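Presented below is the structure to which this report refers.
Protein chains in written order, with the numbering used here: chain A, 1 to 400; chain B, 1001 to 1400; chain C, 2001 to 2400; chain D, 3001 to 3400; chain E, 4001 to 4400.
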């Protein structure tokens, strides 16, 4: 008897009473659909390669150089030619630059041709892999970096750069046609560049470092935006959803910090690798990069503090505006309510004569005084002045 | 004389005056009863097996496979047959899958037949055991994982999966008939699956990994719900008990983080085990799982930050709504209170003639002007306009 | 010349100006007296035994057992008999159970007879000693545990259990006649109990473990109370001093966490002790206890988070109630203040005729219209309706 | 040409625009003067001895003892005699007790005669040195402790006690004539005291321990004051600047924690010293002191939590009082504003007859009803009752 | 085919829907321009020297000394003479002091002549390098310190001091003509100064230490300013933007803490260096400096706590002022609104006679009483008194 014949084995529901019965949310089919979609791809064999839905068609570039010569070409859709070229020029140093992942068979061929582990390839193609370094095949490195940018849409954007070193090449993967590595390509193109004289180990370092170097302007742009938000708080008109913006930046800074943190660990791990894998003369550079990573972390933490202060400022300002509203209400009410009482007083109908025409001299004689009204006006004025003086002394009248 | 004869030895009450005398809570017999129930089962011999009240009747499943053949069957209530089958097929790899615990004698037999320690069995059957790994009998592993799910009721649900490895089998325990391991069973059922070619060590890894893989969609579903809550904050009508919901999710995220944290430690402990117990080629996979655990932790911390921000937003929004209430009050009061004073003023009864018919020209001559009333109406309108202008400049009139 | 002859050497007062001159508190002789009492007992020779004022008269109990026989008795005021019994039965395992400390000479005799260090005895008798383990005399253990309980008065109560192991006995101290160890005594009393077959090392473990086992129901009772408080927050009537209660529980949870934390360290220290002191087969049990301690810590931290959330909920609810008060004020004021203005308007005394009987047609002709009053009432009703509609659309009228 | 001839080299000012232009503070010559004074003494040669302005004239005391004999004397202004006495009694144990520093030449002589390093002496005389231990001359100890007290002015006061051990003496420094060591002196004076039988290592320990013992009553006094403040919060009248007081205590507790923290490190460092420097039988005592330091830290952290809770309570209470103010306003306004409208309604002057004497029956017929006024009064009373019932049901009328 | 001929490879935009659609910010060309400028200099070859835009023209100073002789001179624009002098006096100890960086060729020459690594030079000239120590050429040190000052503009200013040691010289770099090292120069100028007798290792220490010594007055000045702000909070008139000031100081303190933190690490790293590089007799001094760094950190953390308390105080005070505003409104409204009702009551026009002249005795007979008005005035007074008494008992009338 095979198991699949048996009826589906369902567990009876077990009730766990909630601490407090929140009223049930209205059922939302969208939410349920989204939830089920999330659990779909779970449990695939580790090392199973999957291409994300929004990946780009891969383009292949090759830069080959030694101290004296240099050549570069695009090999998109010509992967075999690329391999041939590599095989024919074992004496050159090569940078194979793959941009875009959306061609599973190609990715699998690259994986096999360059001796990569399926789990590594999974890290390359996956959604998100924090910065790390792995040694494989005894002396090859697998380096993951996260490239950041503070976009014109005012958020931090990050992309992954995956590097594999080989005896005479560096193989890089990224899922973007445009990147921040152009400056490095120009350094290779330049004659007499140090980069061309040095080993591919140095090229791998240079690629890692240029990504790290981008952290500073990213942070600076965030800092600039934070100052802009600070100015908004004190602006005449409170801007709509300012707090939401502030908290969004905070999220970005926290996310950025989480990007940089593993970068620091990566660097320190590289520094602890034996000299056979990363030679001492390259480690000098990684030590410098390590310093930079620490300083970027420091900066990110400063920014996080700044943003918390900003949120405090915002809330205090909000409370301040409330204060002002209350003051206006209090001043106007306090001035006019007593006045209204006084004029109400003299609107009363106490009779000055009784039904028989006898004068009742105690009933509101003020109304019959020839200067009653002017005196009353003066009294009202006096009340106003006293109150204004009181508010002025309290400091409520200056526009703070 | 035996001790049990002596009268109960009670201590005189010792008074510890509270710092501040809170008024005593009304006595609540329920609370007291619940409290006493809690202290009931304390102090049993460690390793004493107890079945929780809401456990399910156990069902037994067996999958047996090698590279070429494969068979599966349900052995519920046929435990002896299962043992016989195992004994008869020492060359196959077996996955014995126990679902439900509510049969103490069976559990004890399994414990003895498979050489488990009573303390381990107690961990299996108990309420809650954080993820961990234990080596026993020199080269067997006891692995505890926590399976998570974000249920349609919008909370994180977690269950325990306990694994024991043996020379040619994996023994798994869980207290649920439905689980997240079906995908793995299908991988075994598939011909030529890598899983069938590899050792049971790899099966144990695969079971551990599939649980870990569920953390991502769980987090994603939480993230989805957080965004839904964020939208609610800015919705026109404040939803009831929104903060309670936000704080409940926070609790879930914190709990989730506490589930994942030991998972990371488990992985790193496995990586430090000698290669005789976990072979190097399996460790490569655990290293990958370790990375995933760290990233799940990162994500959980991001979510915790997001929720804190959400609570801040909610409170600021609450204060904002208060502000709006105050503004409406202030605008209406500020406009009408002065007007009321003015009309009260002309409701006064100052007499224009004294008792003898003499005109008192200073007493409210306005009332006798032929255009007194129209002028007054204009004055009132003017006052309103000035105030509206003032409020408009303050920015109180736009519906911000 | 002896020093005591010299006049008292007093230092001239040194002024340290406070940052902000807070007005001096009214002198409070009580406070001063309490302060001086506190500094009284300082500087005694370390290892000086002192009995706390609220200690109980000591009662002595002895349980003696081996695999086959078992006897127990109370030896209060018969300490010498107890010693004799111990000397006469070197082959039995003994549990000497001292409850209450208030007999200094007895305590000192016990200290000497059982080879305890004065500093250890000071820890036993003192106010508070965190959980710890000490090895002395090469292979004896001194174990301190803290027994907890969530009392009917809704606070965490904790007491100290001090254990000394010897070659064939365990000596325990506690300052309470009733304890949580009765379950253990019953296990000893039971025939064929594992406890009776095992060494006194195991008895020491069992005593330590039963204390640890009490942490779970203590936490559960706290959790239960927290849920009760959560319900109170949303109850119709705010309960008096709810926040004070919440913060008191928080204090308890934090205190509880501080009790458990050293317990974990104690367990991990025991696990690191050489096998000669704690045999491997006992360490298996301590490893289990270590797991439990970690989980209790986890739970305590969860509760701390829950309570912080609770306090946030409370404050938000407080602000919510304020909001509601303001809404009632705003609705009533906003409705009636304009109405009052209108009726005030038609209470003005502008004259319809001048002194000479000429009609002044512009002065409040409405008052002379035959339907003036009914129209006015309609206008008033209309104003009310418009305002109610506005408030209803704002969502202020539903009882949210 | 010498450098001092060159004109002063000043840098051109570099402008760093502030993020937000805060209005400049009014120039404050005092502030500037204070600022410059602070930077005055910077850059002196390390090890340069300086006496603080508020130091006391030094007084010298000597206690010399062995198991049988004991003598003490004050040697103020007789330092040479003290040295002679020490030289003549190499077999006694000495405690040289220096109180007050204000005699630089004397301090320098002591430094040289007792072989202290100038940097150590700088630590002794300086403003503030955290608790620490240093080994010098291979087997001598330099111990710094901080003595604390909770003064009658309700703040934590701390002073420094510096100890140097020598072959047969302990040299102590403090800048106060009165101290907390008197209890120790009495223990030395007592015949048969253990202190007199033991080495000077033990004396150094005893001095360190007595300081540590003072941390408990200091904490207890703070705890006492915290409870007093808690009572104030719930007192009928809010006390002036209560929050400032609460935050001041918090500052004190945090400062205290910072005093104790290095004390713990000091103890653990002593425990790690080789047995030649601190013999094992003394380490037993230090281990006890280490426990005490940890518990003092625990307590300090508990208090910090308590104070944070206190501040929360205060703020909630403040908001509560606001709530009450608002309730009074709301109740009174809500009751009387509608009433005022009604009476205003019947103060209108709609005419019951037109100019020609025709009755306008629709214009306010109520005013002509014989029971108009009594009915109106009843209506008003009814409105009040309805409102009071509404407020009572809301729970606003009980004095909560 | 060369790569540069290919058309620019642009990626199609990938949409990531934001969680909540915040309204887009108005486009701001400035912001965009600033953002692009930030990303300009990224990716230069590591070790590429760049001079910051606001650097000063370099000035060169040389102090040369041994125990007996001493000479100093400015060598600005005479670098070759300086080198010659150094070469001619190998027996003297030299301090080469470079102030200002704005001469790239000179900087490169110095780098080569003194054997510095380009990465080190980059650290010297760069924007910001945290304090650190590096060993190079086996026994030379590269030390970076951060000099701080609390300027008259009430912010913390920090500058970098970079030091390189050589066999007989110390080479220092800073980008300021004025510095805090003058006191050290004077110590060198002084005859018989210890500094002149000791090695250049000690000079390097002294330079590091004098920078560290500046941390204390910097902190003290911050502390002074914090107290000033505390006074402002309780001042009669709330100062404008006080919270912004408080948060700015907080930022400064946090930044200061971040400056000092690596200083501590630097010191502890120096202490771990082998004695060949930093001799033991110099380490004694560094150990002292290490203590100072820790205490500066302690202080910085104290200040951070103080400032948080200050912000709490400010917010509580803000809420307090609100409270006061509300009280004034409540007192005035509560007193006058009932009075207004009463006088409104007697302003009603209920007729005392019907159209036929019949008296309607129930209609407001009070108005016809001869003492109606005086009685009414008394009643009003009574109402006022009752209310004042109520407010006085609530404690609302005393000026808090």
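All residues carry an ideal CB built from backbone N, CA and C; glycine is no exception. Predicted model, so just to flag it, every value in this text is computed and none were measured.
Buried versus exposed call for residue 3095 of chain D [16 or more other C-beta atoms within 10 Å across all chains shown]: buried
Spatial neighbours of residue 18 of chain A in its chain, beta-carbon cut-off 6 angstroms, leaving aside the 5 residues before and after: The pLDDT assigned to residue 18 of chain A is 42, lower than 50, so where the model puts this residue is not dependable; a value taken from the coordinates is nonetheless given after this. Correct list: empty, nothing qualifies.
Cutoff 8 angstroms: residue 152 of chain A Cβ touching any chain E Cβ: yes
is_contact[residue 2111 of chain C, chain B] using C-beta, thresh 8 angstroms: no
Residues bridged to residue 63 of chain A [DSSP beta-bridge criterion]: A/72, A/95
For residue 1137 of chain B, the first and last residue of its enclosing alpha helix (DSSP H): Residue 1137 of chain B -> no alpha helix (DSSP H), and no H or E assigned at all.
N-terminal and C-terminal residue of the beta strand (DSSP E) that residue 1165 of chain B is part of: 1156 to 1165
Where the beta strand (DSSP E) containing residue 79 of chain A begins and where it ends: Taken as a continuous stretch (DSSP letters only), residue 79 of chain A belongs to no beta strand (DSSP E), being part of the alpha helix (DSSP H) at 79 to 88.
Spatial distance of residue 3231 of chain D from residue 347 of chain A (CA atoms): 52 angstroms
Chain E contact residues for residue 3372 of chain D, given Cβ-Cβ distances below 7 angstroms: 4350, 4363
Buried versus exposed, by CB contacts within 10 Å (16 or more), residue 4097 of chain E: buried
CB contact below 8 angstroms: residue 4214 of chain E versus chain D: yes
Contact list for residue 4160 of chain E against chain D, beta-carbon separation under 9 angstroms: Under the 9 angstroms cutoff, chain D gives no residues; its nearest Cβ is about 14 angstroms from residue 4160 of chain E.
Contact check, residue 271 of chain A vs residue 1312 of chain B, beta carbons under 8 angstroms: no
Contact between the stretch 3102 to 3113 of chain D and the stretch 3049 to 3068 of chain D (3+ Cβ pairs under 8 angstroms): yes
Residue-level contact to chain E via CB, residue 3344 of chain D, 8 angstroms cutoff: yes
Short Cβ contact (8 angstroms threshold) for residue 3062 of chain D with residue 3080 of chain D: no
Through-space distance from residue 4293 of chain E to residue 4161 of chain E, alpha-carbon basis: 17 angstroms
Cβ-Cβ separation, residue 3345 of chain D to residue 3380 of chain D (assumed contact under 8 angstroms), whole Å: About 11 angstroms separates the two Cβ atoms, so there is no contact after all.
Proximity below 8 angstroms, CB of residue 337 of chain A to CB of residue 4150 of chain E: no
Alpha carbon of residue 4066 of chain E to alpha carbon of residue 4196 of chain E, nearest angstrom: 6 angstroms
As assigned by DSSP and simplified to three states, the class of residue 3353 of chain D: strand
Per DSSP, the bridge partner or partners of residue 1132 of chain B: B/1144
Cβ contact (3+ pairs, closer than 8 angstroms) linking the stretch 4208 to 4223 of chain E and the stretch 4106 to 4115 of chain E: no
First and last residue of the uninterrupted alpha helix (DSSP H) at residue 4340 of chain E: 4280 to 4345
Three-state secondary structure (DSSP) of residue 1171 of chain B: strand
Contact test: residue 1069 of chain B Cβ vs the ligand MG heavy atom, cutoff 7 angstroms: With respect to small molecules bound, the structure shown includes none, and the ligand MG cannot be examined in it.
Distance between residue 2275 of chain C and residue 2068 of chain C (C-alpha atoms, nearest Å): 28 angstroms
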